[in-house]
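Here our numbering is used: the first residue of the first sequence is 1, the next is one more, and so on.
Note that the Cβ used here is the ideal one computed from N, Cα and C, for glycine as well.
All values derive from a computational prediction rather than experimental measurement.
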Amino acid sequence: MAKDFVTRAENYSEWYNELVVRADLAENSSVRGCMVIKPYGYAIWEKMQHTLDKMFKDTGHQNAYFPLFIPKSFFEKEAEHVEGFAKECAVVTHHRLAKSPDGKGLIPDPNAKLEEELIVRPTSETIIWDTYRKWIKSYRDLPILCNQWANVVRWEMRTRMFLRTAEFLWQEGHTAHATRQEAEAEAIKMMHVYADFAEKYMAMPVVRGIKSANERFAGAVETYCIEAMMQDGKALQAGTSHFLGQNFAKAFDVKFLSKENQLEYVWATSWGVSTRLMGALIMTHSDDNGLVLPPYLAPIQVVIVPIFKTDEEKSQIDAIANDAIEKLSSKGITVKYDDDEKTKPGWKFNEYEFKGVPVRVTLGARDLKEDKVEVFRRDTCEKEIIHKDEIVAKAEELLKAIQDNLYKKALDLRTSKTRNVDTWEDFKVEIEKGGFLMCHWDGTPETEEKIKEETKATIRCIPIDAPTEEGKCIYTGKPSHRRVIFARNY
RNA sequence: CGGGGUAUAGCGUAGUCCGGUUAUCGCGCCACAUUUGGGAUGUGGAGGUCGUAAGUUCGAAUCUUACUACCCCGACCA
1 MAKDFVTRAE
11 NYSEWYNELV
21 VRADLAENSS
31 VRGCMVIKPY
41 GYAIWEKMQH
51 TLDKMFKDTG
61 HQNAYFPLFI
71 PKSFFEKEAE
81 HVEGFAKECA
91 VVTHHRLAKS
101 PDGKGLIPDP
111 NAKLEEELIV
121 RPTSETIIWD
131 TYRKWIKSYR
141 DLPILCNQWA
151 NVVRWEMRTR
161 MFLRTAEFLW
171 QEGHTAHATR
181 QEAEAEAIKM
191 MHVYADFAEK
201 YMAMPVVRGI
211 KSANERFAGA
221 VETYCIEAMM
231 QDGKALQAGT
241 SHFLGQNFAK
251 AFDVKFLSKE
261 NQLEYVWATS
271 WGVSTRLMGA
281 LIMTHSDDNG
291 LVLPPYLAPI
301 QVVIVPIFKT
311 DEEKSQIDAI
321 ANDAIEKLSS
331 KGITVKYDDD
341 EKTKPGWKFN
351 EYEFKGVPVR
361 VTLGARDLKE
371 DKVEVFRRDT
381 CEKEIIHKDE
391 IVAKAEELLK
401 AIQDNLYKKA
411 LDLRTSKTRN
421 VDTWEDFKVE
431 IEKGGFLMCH
441 WDGTPETEEK
451 IKEETKATIR
461 CIPIDAPTEE
471 GKCIYTGKPS
481 HRRVIFARNY
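Structure (structure tokens):
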């Protein structure tokens, strides 16, 4: 069991911070607010990237790359967009360093001040729409379905690894369409792509929904989202997809000639998920013994640990291990044979358990005398003794079972922490217990704002499948036609 | 940006109030030996501008001042 490791019940946020470091996912860097993603953590992100990238390509998108720097004036063009991002921008003012007058160190060269400051992108709508203007002349140029994998910078006051850092990695899709219907359909489609990814690969159940006006992306007409619940009952926005209407087309003057020979503004969407998904993954499945990874995203799916005393024993184990590795690999399973003699078996058990490797196979000289091996599954920490010829079949079976079990466990937790609340008195009590509160709301930003001020809870989303149900707003008592999700969030 | 706190080896720390030999302990690290089925044990060893700068003093980790960084609580946010 994990030594000196705080439990979730003791201190959830400390548990998270320590887990990220001890599982070798990331660490704080010397740069304020910025983290170093370590190889093991990055390997998980790469698996997410590859899977998502394929899903984007399968839905007709292409990757491209736009500049890191954005002229300040671009941000001024879309009023709501400026409002949303101005407060957290890193600004480049000079293009050269010079020796400081006192001879110690460097200062920005006063003679190298930029004519126009550059903003390190917090998001790329502006530079992209400035570019799209040049690409789009006719309906024949549409749609444009681009995605870019990039880093972005948002100057946050308080940061937490993966959940909120000043610089983070993400993908941002930016599409341009001839009609409103097509753009809306695109935004909704990408929300579903994200939801499929979250549920099938991350084994993380999500609610597909629409953001309230207060929570909407700066510059969007409608923001669709996938919303997840962490083990402590707090909500986490895992992905967003925006229908941007013609806001950016108008701001950047992007028009096209339609089939009817009419000059019209282009319709837009943008959508993104970030390394924040790493935080979501961690907080959805991990336990007091460390990280727990869903098999589809685990950099190592099966680890084989040999236990031996003599060279003969080692060579017998090697033969069995190599055979298993070959067969597992041929089935696309990532396997690591850890016969490193610098660490002992007991240490390895704890190490791989803490790093969330789904399946461990122990090849011990003792069991092998009876042709047996031990297999261990990370999600339940159960061990089983099987015949050595069953290793491959068992590993396949367990990986599938773990993937399914993790999803089910997360869904059960979410279900148990989701409930209807109908009075303001109950709301104030229930919100303290965490989880999702399904409540009626009068639909006004003012009411949402007041509820936020009084309870720190916000509307996470209006679920897209929310059934019509007549009721009264939890706060004002005004009529409402469906329940929305209230929760505290990350 | 407001309020509070911390800074001693890679990490975690004692010592600071009340200045006085060679700065404490644990983990980790290195070597050797014995070990290996849930984070081994013993012996030996390496590792420090005590956050930075200035000041007080015969003498500063310890007292004074300024600065810097980080953490917690607010405001802000994916």
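- Here THR240 carries a strand assignment [DSSP, helix/strand/coil].
- Proximity to LEU399 across THR444, GLY332, THR343 peaks at GLY332, based on C-alpha coordinates.
- GLU215 and GLU446 have their alpha carbons spaced roughly 13 Å apart.
- The three-state secondary structure of GLU264, taken from DSSP, is strand.
- Closest option to ARG32, judged by alpha-carbon separation, among HIS94, ASP412, VAL153, LYS472: VAL153.
- With contacts defined as CB atoms closer than 8 Å, VAL392 and ALA324 qualify as a contacting pair.
- For the options SER124, TYR132, LYS200, the alpha carbon positioned closest to that of ASN405 is the one of LYS200.
- With a cutoff of 8 Å on beta-carbon distance, ILE300 and LEU363 are scored as not near each other.
- Of the candidates GLU353, ALA98, ASN28, ALA98 places its Cα closest to the Cα of ALA112.
- In the DSSP assignment, the residues bridged to ALA26 are ILE37.
- Rounded to the nearest whole angstrom, the CA to CA distance from GLY435 to TYR12 is 15 Å.
- Judged by beta-carbon spacing, ILE210 lies within the 8 Å limit of ILE462, meaning their Cβ atoms are closer than that value.
- Residue environment analysis places MET157 among the exposed positions, since fewer than 16 neighbouring C-beta atoms fall within 10 angstroms of its C-beta.
- Looking at the DSSP output, GLN301 sits in no beta bridge, so it has no partner there.
- With a threshold of 16 other beta carbon atoms within 10 Å, CYS146 meets it and is buried.
- Minimum Cα-Cα distance from LEU142 among the listed residues TYR337, GLN403, ARG180, ALA195 corresponds to ARG180.
- Inclusion of ILE128 and PHE75 in the CB contact set at 8 Å is not warranted, their separation being larger than that value.
- Here the alpha carbons of ASN17 and THR126 stand approximately 35 Å from one another.
- Note on PHE69: under 16 other CB atoms within 10 angstroms of its CB, so exposed under the neighbour-count rule.
- In this structure, ARG377 and VAL357 do not form a Cβ contact; the two beta carbons are roughly 10 Å apart against a cut-off of 8 Å.
- Counting other Cβ atoms within 10 Å of its Cβ, TRP347 stays below 16 and is therefore classed as exposed.
- Distances from the alpha-carbon of SER270 to those of SER124, ARG276, ASP339 put SER124 closest.
- Assigned with DSSP and collapsed to three states, TRP347 falls in helix.
- As summarised for the stretch 320-372, the continuous beta strand (DSSP E) elements at least 3 residues long and confined to that stretch are 335-337, 359-364, given in chain order.
- Per DSSP, the continuous beta strand (DSSP E) segment holding ARG419 begins and ends at 418-420.
- In the DSSP assignment, GLY279 falls outside any beta strand (DSSP E) and within the unbroken alpha helix (DSSP H) covering 276-285.
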